[in-house]
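Report on the structure given below.
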Amino acid sequence: MTDVRTRWRDFRHGVSQRWDRLPKASRIGIILVFVVFLYALPNKGFYEYLGLPVGEYIPLYTTRNDMATVLFQCGYYILLALGLNIVVGYAGLLDLGFFGFFAVGAYTVATLTSPQSKIFTEYNWLESPWPWLAALPLAIALSFAAGVILGFPVLRLRGDYLAIVTLGFAEMIRIVAQQNDWIFNGDRGIPNIGRPPGTNSDGSAIFQFDAKPYYWLILTVIIGMVFLIRNLVRSRVGRAWIAIREDEDAAELMGVPTYKFKIWAFAMGAGIGGFSGALWAGQIGFVNASTFKLEQSILVLAAVLLGGAGNIFGAILGGFLVIYVPEWLRSVGDVFGLPEQVRIAGEPYDISATNLRYLFFGIILIVVMIFRPQGLWANRRRAAELKDREKEAMVGA
Amino acid sequence: MQFNDLINGFPVLTVTGLTQGAIYALIALGYTLVYGVLRLINFAHSDVFMIGTFGAIWTWSAFGFDANSPRPSVGEALGLIALAIVVAALLCGFFAMLVEVTAYRPLRARNAPPLAFLITAIGASFVLSEGMGAFTNRRQFGVPAMLPTEPVVSLGGWSLTPLQISTLAVAVIAMVALDWFVQRTRFGRGIRAVAQDSNTAALMGVNKNRVILLVFLIGGLMAGVAAVMSDMKAASTRFNVGFLIGLKAFAAAVLGGIGNLRGAALGGILLGLVENYGSAVFGTNFRDFIGFLVLILLLMFRPTGLLGESLGRARA
Amino acid sequence: MDGERASALRQIFVRAIGGVALAALVMGGAAACKQDEGGSGSDTAGAKVCDLKIGFFGALSGADAGLVTPGQQAAKMAINQYNAEHADCKVSLQEYDSQGKPELAGGLATSAVNDAKVVGMVGPAFSGESETANPTFQQAGLPVISQSATRPSLSEQGWKIFHRGVGNDFSQGPAAAAYIKGLNPAKVFVVDDQSAYGAGLADEVKKALGPLVTASDKATDNQQDFSAIVTKVTGSGATALFYGGYTEEASPFLKQLRAGGYKGTFVGGDGIYDANMLSVTGNADVEGAVATCPCAPATEAKGTFVADFQKEYNAAPGVYADVAYDLTKIFLEAIGEGKSTRADIQAFLTSYSKAGAATGVTYKWTDKGELDPAQVRVWAYVAKNGQWAPDKEIPKA
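Protein chains in written order, with UniProt numbering: chain Y, 1 to 397; chain H, 1 to 316; chain D, 1 to 397.
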């Protein structure tokens with residue numbers, strides 16, 4: 001056991017060293033190749049070309065759900081995780097209600113672009129629905145503003161109090177959306193939401209029911225966001241956030257205006273969450289209140305921490321895994337030909353992978369955290385800190 | 001807004017709010033104890049409670065009582081309830097300790113960061129609720145009728161049913177016993193010591209892991225008691241009943257000052273009342289909204305809850 | 001790590017990266033040209049096509065699964081019965097677990113239409129997911145019959161493939177109101193669960209009852225404690241109560257109402273017309289409760305359905321199980337007659353007109369996919385001695 005772990009550690013260490021030693025050009029080349037690979041991922045042709053039989057045994061392709069849609073879902077979760085990573089990973093603020101900002105973005109797009117939204121059918125506030133592209137900046141701006149407005153009162157709280165308050169706010173947003181007779185139309189929702197613009201050469205719209213263009217769109221957005229966040233974190237702002245995370249009082253004493261930077265982190269994260277919501281609303285075409293349950297906020301947080309808080313690529317990995325693994329687990333039963341039902345004492349039990357996948361997912365979460373408490377792909381600095389802590393634990397025990 | 005409903009129904013709303021509040025308080029104790037000792041939000045606690053609701057139903061069905069059975073005599077009912085409390089409490093205690101041993105202790109051994117515990121807590125919560133969902137085929141189970149529903153005490157508009165009396169009585173007994181245990185016994189001293197400063201306590205010869213296990217056990221026992229009372233009040237259970245009530249109980253713990261036992265009790269009662277009054281005035285669709293609004297407003301003015309955090313010490 | 005091994009490793013590493021790079025580039029090109037094959041159905045006219053699939057779309061896991069899994073079990077049972085008779089040419093049930101979430105439904109729909117073997121679909125079970133899944137089914141011409149999506153607007157979207165196996169809210173709401181009027185109550189209290197189904201139904205009831213409704217309130221999903229509503233109901237002096245929603249909340253609500261001293265009649269829609277409402281609530285409290293349902297009372301055939309289901313699953317059939325059973329049978333009948341393409345089955349449905357074995361409803365659809373209004377007969381059932389006893393057919397207003 002230990003042997004395997006040390007060997008794995010050596011291997012990982014070796015890979016990362018080799019990566020650092022590679023010339024810059026090759027590093028960029030490899031990254032580009034990887035990006036191309038990502039763009040090719042949802043195409044069935046890609047797997048047939050590799051000679052992997054689709055539908056029988058495919059390690060990657062989800063046989064029980066459309067691959068492109070699963071990837072798109074991963075995409076909007078990755079965006080959410082990137083946003084939350086700023087709040088939790090960099091600034092160290094525990095936010096349990098992050099999905100509320102996603103809701104703000106999604107509902108902004110939905111109410112403005114759907115001809116069936118109550119703005120047009122009941123209140124007559126506007127003449128005609130906006131195009132999706134026009135609603136997008138407003139959605140981002142509004143969720144950013146929501147972050148600032150929420151941040152002012154709550155960021156004076158610390159730690160777990162902040163967690164429950166943010167959770168409460170997300171629930172309050174959902175309850176407002178849940179009201180059938182209010183603008184968001186509750187569980188009945190808002191259908192026919194506007195889609196992103198663009199037409200193919202034959203005049204048909206690019207963004208229709210096929211999820212692939214949406215996946216490519218969101219992949220592009222994620223890549224852009226990675227550059228943006230990376231530069232932000234390496235700037236004065238990012239250093240301030242990390243200082244706050246490490247020791248808020250010390251940061252304050254050193255002249256970092258902690259309150260201001262905390263609000264910045266909160267609002268930046270909220271803006272990205274709203275962006276994700278706007279993209280999602282454009283793809284799904286229908287928004288109702290039942291989407292914005294609290295479980296979603298918790299899942300985003302799980303994504304950030306599973307991947308490794310404080311690291312952009314960790315957040316991406318986590319966002320990918322929390323959606324992809326349960327979806328992939330659906331097809332596991334097909335792959336191994338497991339039975340779907342057993343009878344114990346005359347009572348039938350559904351043991352299909354579909355039914356049990358969140359059970360397995362829970363076990364995976366526990367096991368991963370026990371073996372890699374800092375997350376799968378941790379920030380190097382944090383990993384080092386943790387190694388110290390681990391040593392302390394050895395001494396302490 | 002319907003203030004009439006509040007005024008006319010005030011006595012009944014108060015009594016039912018107190019009863020629900022007592023259930024919140026019992027669950028909140030589990031959150032607050034674990035938080036006080038480990039600084040950890042034990043998300044899996046709500047699902048430990050859910051297992052207790054099934055424990056009670058299984059106990060009763062072992063004696064041949066299901067939703068269709070006629071109401072047993074009062075003496076018989078009290079016996080069955082007591083038995084269900086014992087079974088549910090032990091079951092919850094066992095699962096709470098299981099969560100600690102499998103999901104938290106290994107992380108503590110490696111001195112993992114606090115947020116890692118949050119994820120294993122979420123994972124444990126998934127495992128418990130989904131496991132129970134698979135085990136019960138996600139079916140809803142009815143609770144057999146136990147106590148008569150006619151009020152036994154009434155005075156003006158105020159009246160108490162046997163269920164309300166027994167819920168309040170059981171909750172008070174459990175909380176007084178817990179308070180005595182934590183304040184007066186040797187084990188309680190250990191808990192307080194670990195809550196105050198776990199390393200120093202360890203140096204003084206307190207077995208930290210054993211104390212933590214004890215804390216989970218006590219939290220589980222309380223959740224089991226709450227589960228039986230909640231079963232009889234709500235009259236049905238499913239694998240997913242834990243989430244919402246757990247959330248409320250957690251909010252109650254924060255309201256009272258997380259880490260503070262008396263705070264949890266106060267917070268639970270207060271939340272139960274506020275929710276009931278709020279539902280009467282604004283409609284039940286705003287019940288949770290009002291609960292959270294009160295919580296948030298309160299935290300704005302008293303950032304560490306009503307009574308402050310003080311299982312071990314008073315923190316500013 | 002010694003130098004020799006390291007350099008060998010490096011060589012392998014570089015080669016692997018190069019290989020992946022090349023492969024990915026080629027694949028990117030190949031994949032871009034290659035389209036996924038759409039599912040237009042196999043066109044082997046005349047010859048009998050075997051191994052066809054009937055889809056079942058709805059929440060098979062997650063919080064709302066209780067409303068859908070009985071239907072899935074019934075559909076499975078229908079298919080097993082069919083396969084027992086047609087051992088040489090079997091049909092299978094392909095499940096699409098949306099968890100009841102509109103945001104997951106789109107991808108599953110794409111996945112279903114891409115599987116050419118899927119020629120018919122039972123579901124989507126809820127109205128919300130119908131909004132996001134049906135556009136995709138419409139595009140691919142895959143006929144769907146929903147067992148429980150009752151939102152009236154679903155048939156107004158121009159989806160040719162859409163069929164509803166039950167009456168919509170407009171048919172049931174006024175009938176329930178007429179029944180309540182027949183009880184001559186002084187005051188009526190209306191409660192709904194804020195779901196699209198429950199609120200839609202309750203709104204229709206309120207509209208039809210007019211000033212008789214003196215007060216109303218809303219429950220929430222998964223609510224356990226109804227004490228505030230109970231207080232309002234008993235305080236209002238209402239002698240009849242309509243609940244728009246499902247058994248999951250209706251059962252504890254009814255029990256708490258009785259415990260709180262409410263003596264009036266409890267009336268619900270087809271969401272409570274299931275065996276669980278009886279068994280979970282218990283005979284003593286459920287006695288006298290009324291469920292309206294756009295379905296005719298038990299026929300002899302229905303007798304065997306209930307017994308078969310009981311035998312198969314060791315439980316009474318839950319909500320919509322009978323409808324799903326009949327709908328699956330309709331698809332099986334089409335396949336049995338040699339219809340093997342989506343278009344054929346769509347045509348088969350258009351001209352279909354027969355009574356279902358389990359529900360007794362005559363399935364005949366209008367061009368919009370609604371059940372023929374002449375066929376929608378709403379009956380009231382009263383809980384008596386642990387059974388839903390047919391009370392009377394409610395005359396059309």
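Cβ coordinates follow ideal geometry from the N, Cα and C atoms, glycine included. None of these values were measured; they are calculated from a predicted model.
Item to check | Helix, strand or coil at serine 117/Y according to DSSP, with G and I counted as helix | outcome: Reduced to three states, the DSSP call for serine 117/Y is coil.
Checklist entry - In angstroms, rounded to a whole number, what distance separates the CA positions of alanine 163/Y and alanine 91/Y? => result Approximately 14 Å, taken between the alpha carbons.
Checklist entry - Can you find at least 3 beta carbon pairs, one from the segment 234-249 of chain H and one from the segment 36-52 of chain H, that sit closer than 8 Å? => result yes
Checklist entry - At which residues does the beta strand (DSSP E) containing proline 70/D begin and terminate? => result Per DSSP, proline 70/D belongs to no beta strand (DSSP E); it is in the alpha helix (DSSP H), 69-85.
Item to check | Euclidean distance between Cα positions of residue 330/H and tyrosine 35/H | outcome: Any question about residue 330/H goes unanswered here, given that chain H covers just 1 to 316.
Checklist entry - Hey, out of Ala249/H, Gly256/H, Ala280/H and Leu307/H, whose CA is closest to serine 46/H's CA? => result Here the closest residue by C-alpha is Ala249/H.
Item to check | Proximity test, Cβ basis, 7 Å: alanine 134/H and chain C | outcome: Of the protein chains in the structure, Y, H and D, none is chain C.
Next on the checklist: In whole angstroms, give me the CA-to-CA distance for arginine 330/Y and isoleucine 366/Y.
Outcome noted: 20 Å
Checklist entry - Around the C-beta of proline 144/H, are 16 or more other C-beta atoms found within 10 angstroms, so that it is buried, or is it exposed? => result With 16 or more other Cβ atoms inside 10 Å of its own Cβ, proline 144/H counts as buried.
Item to check | Residues of the segment 216-250 of chain H whose Cβ lies closer than 8 Å to any Cβ of chain D, in chain order | outcome: Ser230, Lys233, Ala234, Ala235, Ser236, Arg238, Asn240, Val241, Phe243, Leu244 and Ile245
Checklist entry - So, is tyrosine 123/Y buried or exposed, given that buried needs 16 or more other C-beta atoms within 10 angstroms? => result exposed
Next on the checklist: For a test of the three-state rule: what should DSSP assign to valine 26/D, helix, strand or coil?
Outcome noted: Reliability of the predicted coordinates at valine 26/D is poor, the pLDDT of 44 falling under 50, and the value obtained from them is presented with this limitation in mind. Of the three classes helix, strand and coil, the one that applies to valine 26/D here is helix, per DSSP.
Checklist entry - By DSSP, does serine 73/H sit in helix, in strand, or in coil? => result Looking at serine 73/H - three-state DSSP - the assignment turns out to be coil, as it is neither helix nor strand.
Checklist entry - DSSP on serine 198/H, reduced to helix/strand/coil? => result helix
Item to check | cysteine 74/Y: first and last residue of the uninterrupted alpha helix (DSSP H) it sits in | outcome: Note, cysteine 74/Y: alpha helix (DSSP H), 67-84.
Checklist entry - Can you pull the DSSP bridge partners for lysine 354/D? => result Tyr363/D
Checklist entry - What is the DSSP secondary structure of glutamate 370/D, reduced to helix, strand or coil? => result coil
Checklist entry - At a Cβ threshold of 7 Å, is aspartate 66/Y touching chain D? => result yes
Item to check | Beta-carbon proximity of isoleucine 345/D to lysine 339/D, cut-off 7 Å | outcome: yes
Next on the checklist: Between serine 227/D and chain H, is any beta-carbon pair separated by less than 7 Å?
Outcome noted: Proximity of serine 227/D to chain H, defined by a Cβ-Cβ separation below 7 Å, is satisfied.
Item to check | Start-end ranges of the alpha helix (DSSP H) lying completely within the segment 141-189 of chain D, minimum 4 residues | outcome: 169-182
Checklist entry - From the beta carbon of methionine 172/Y, is the nearest beta carbon of chain H less than 7 Å away? => result yes
Checklist entry - Any chance the segment 195-209 of chain Y sits against the segment 280-299 of chain Y, with 3 or more Cβ pairs inside 8 Å? => result In the pairwise beta carbon analysis, the segment 195-209 of chain Y is classified as touching the segment 280-299 of chain Y: at least three pairs are separated by under 8 Å.
Next on the checklist: List, from N- to C-terminal side, the alpha helix (DSSP H) runs of 4 residues or more that fit wholly inside the segment 150-234 of chain Y.
Outcome noted: 159-178 and 212-233
Checklist entry - Near valine 256/Y, which residues of its chain fall below 8 Å by C-beta distance, leaving aside the five closest residues on each side in sequence? => result Ala240, Ala243 and Ile244
Item to check | Buried or exposed by the 16-neighbour rule on C-beta atoms within 10 Å, applied to threonine 304/H | outcome: buried
Item to check | Residue ranges of each alpha helix (DSSP H) within the segment 234-303 of chain D, 4 or longer | outcome: 247-259, 275-281 and 283-286
Checklist entry - From what residue to what residue does the alpha helix (DSSP H) around serine 154/H run? => result That residue, serine 154/H, is in no alpha helix (DSSP H); its beta strand (DSSP E) goes 153-155.
Item to check | Spatially closest choice to glycine 244/D from Ala238/D, Ala347/D, Val190/D and Asn276/D, by CA coordinates | outcome: Relative to the Cα of glycine 244/D, the nearest Cα in the group Ala238/D, Ala347/D, Val190/D and Asn276/D belongs to Val190/D.
Item to check | C-alpha distance - glycine 9/H paired with glycine 307/Y, whole-angstrom precision | outcome: 51 Å
Item to check | Min CB distance aspartate 202/Y to chain D below 7 Å | outcome: Using beta-carbon distances, aspartate 202/Y does not count as an interface residue toward chain D, since no partner is under 7 Å.
Next on the checklist: Just checking: is the beta-carbon of proline 191/Y within a distance shorter than 7 Å of some beta-carbon in chain D?
Outcome noted: Chain D, which has a Cβ nearer than 7 Å to the Cβ of proline 191/Y, makes this yes.
Checklist entry - So, using beta-carbon positions, are residue 324/H and alanine 223/H closer together than 7 Å? => result The first residue shown for chain H is 1 and the last is 316, placing residue 324/H beyond what the model contains.
Next on the checklist: Rounded to the nearest angstrom, what separates phenylalanine 34/Y and aspartate 225/D at their Cα positions?
Outcome noted: 53 Å
Item to check | Beta-carbon gap between alanine 78/D and lysine 329/D smaller than 7 Å | outcome: yes
Checklist entry - Assuming isoleucine 316/Y and isoleucine 78/Y make a contact with CB atoms under 8 Å, what is their CB distance in whole Å? => result 5 Å
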